[in-house]
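In case it helps, this note's numbering puts the sequence shown at residues 103 to 429. We put the beta carbon where it would ideally sit given N, CA and C, even for glycine. Bear in mind that the values here come from a model prediction, so they are computed numbers and not experimental data.
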Amino acid sequence: MDWNFIVSNTASWLLMPDTIAYAIATVGLAVHFGYGGLLNFGQAGFMALGAYGYAISILSFGLPWWVGILVGVGASVIFALLLGLPTLRLRADYLAIATIAAAEIVRLLFQSVIFDEYTNSADGLGGYHAGFREANPFPPGTYGFGPWTYNEQQLWVRVFGLALLAAALIVVWLLMRSPWGRVVKGIREDEDAVRALGKNVFSYKMQVLVLGGVLGTLGGVVMALPSAVVPGVYLPSLTFFLWTILLLGGAATIFGPVIGAAIFWMLMAFLSVFLPSLAAEGLLPGVSSVQAGVLRYILIGLVLMAIVIFRPQGILGNKKELTFNAR
Numbered sequence: 103m104d105w106n107f108i109v110s111n112t113a114s115w116l117l118m119p120d121t122i123a124y125a126i127a128t129v130g131l132a133v134h135f136g137y138g139g140l141l142n143f144g145q146a147g148f149m150a151l152g153a154y155g156y157a158i159s160i161l162s163f164g165l166p167w168w169v170g171i172l173v174g175v176g177a178s179v180i181f182a183l184l185l186g187l188p189t190l191r192l193r194a195d196y197l198a199i200a201t202i203a204a205a206e207i208v209r210l211l212f213q214s215v216i217f218d219e220y221t222n223s224a225d226g227l228g229g230y231h232a233g234f235r236e237a238n239p240f241p242p243g244t245y246g247f248g249p250w251t252y253n254e255q256q257l258w259v260r261v262f263g264l265a266l267l268a269a270a271l272i273v274v275w276l277l278m279r280s281p282w283g284r285v286v287k288g289i290r291e292d293e294d295a296v297r298a299l300g301k302n303v304f305s306y307k308m309q310v311l312v313l314g315g316v317l318g319t320l321g322g323v324v325m326a327l328p329s330a331v332v333p334g335v336y337l338p339s340l341t342f343f344l345w346t347i348l349l350l351g352g353a354a355t356i357f358g359p360v361i362g363a364a365i366f367w368m369l370m371a372f373l374s375v376f377l378p379s380l381a382a383e384g385l386l387p388g389v390s391s392v393q394a395g396v397l398r399y400i401l402i403g404l405v406l407m408a409i410v411i412f413r414p415q416g417i418l419g420n421k422k423e424l425t426f427n428a429r
């Protein structure tokens, strides 16, 4: 078993674009659920809107890359409004069903041949990277050390993603310390009490949905920067991965999504190599290397069950701020 490769591969995922993108999207999910008490199972839809809004703006309309990000954000705001108007008065379990259905509608629309001219249907979109790469401030060369060694384009993607993540954390931290944030957390605990104080609960919920959705959109943009945009990526399983990250790090925390994303993806990377290696050496009787690769999802599911049972507040969470009973 090549431990050097296993350790190097695991460590490299600490700064992968996917890890950064999932962290940003999970910060948005923390705004939805951890602070606002909204049981959103459609964050994958917001990420898809960000990625497709970015790519289509560049490929079909020739807009600059930074305008493409704004288009994705605008699309997520419209989607949040359309989603929130009929659903935010629903009870938490019905809201979860509505949001996962809405995210699937978004994915299937992008996959449909109806909009093939813009989305390329199931084949997805690529070749939209030129503008972003031209904005790269780093001269050609190799940067970093060990498993964190990148060329100038790889470094640019990571620096840009980390900058967006830092901005998201600062904005959420400031908002949750403000009077607005205290009202939002009050709604999470008892919306009837907040309504009795004369606050427009529906309006606050809508603002929470929009803010968390915008952060999900930015996560989708970061995930699309180094690769292609393919509708098969934005399955419900993506949202469930985000929930795993959120519950692992802590739902109502600022840095919980960052810690959770790093642990989740490093664990996934470790198991993706470690388990097939065990199978290849005959240490998993009756299990092939391919089956061993799938086994990691079972183990991740067991980890999620253990977190919910033994530490539902997550690594950084506070039991006083649990929202599993949110209405």
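For residue i, the nearest candidate out of the options (CA to CA)
i    : options                   : result
A430 : R398, F143, G419 and V410 : In the structure as shown, the chain begins at 103 and stops at 429. Residue 430 is therefore absent and cannot be evaluated.
G136 : G283, S339 and M370       : G283
N420 : A354, A371 and V360       : A354
V173 : L141, V323 and D292       : V323
L327 : M103, T346 and T121       : T121
L161 : A146, W105, Y220 and Y196 : Y220
R398 : A146, G315, L377 and S280 : L377
Y230 : K301, V169, L276 and G300 : V169
W250 : L141, W367, F262 and W115 : W115
L183 : E291, K307, W367 and P414 : K307
L140 : M368, K301, K287 and Q415 : K287
As assigned by DSSP and simplified to three states, the class of residue i
i    : result
G164 : coil
F217 : helix
Y156 : helix
F143 : coil
V389 : coil
L317 : helix
L406 : helix
V331 : strand
L227 : strand
Q256 : helix
R209 : helix
Q309 : helix
G176 : helix
D104 : coil
T355 : coil
Environment of residue i [buried if 16+ CB atoms lie within 10 Å]
i    : result
Q393 : exposed
D294 : exposed
S305 : exposed
I158 : buried
I216 : exposed
P241 : exposed
V396 : exposed
S178 : buried
P387 : exposed
G318 : buried
V410 : exposed
R290 : buried
F181 : buried
Boundaries of the beta strand (DSSP E) in which residue i is found, first to last residue
i    : result
T244 : T244 to F247
Y252 : W250 to N253
Integer-rounded CB distance, given that residue j should sit under 8 angstroms from residue i
i    : j    : result
T112 : F372 : 4 angstroms
V360 : A125 : 5 angstroms
Span of the alpha helix (DSSP H), counted from its first residue to its last, around residue i
i    : result
S374 : G358 to A382
R297 : P281 to A298
Y124 : P119 to L131
F234 : A232 to E236
I347 : P338 to G351
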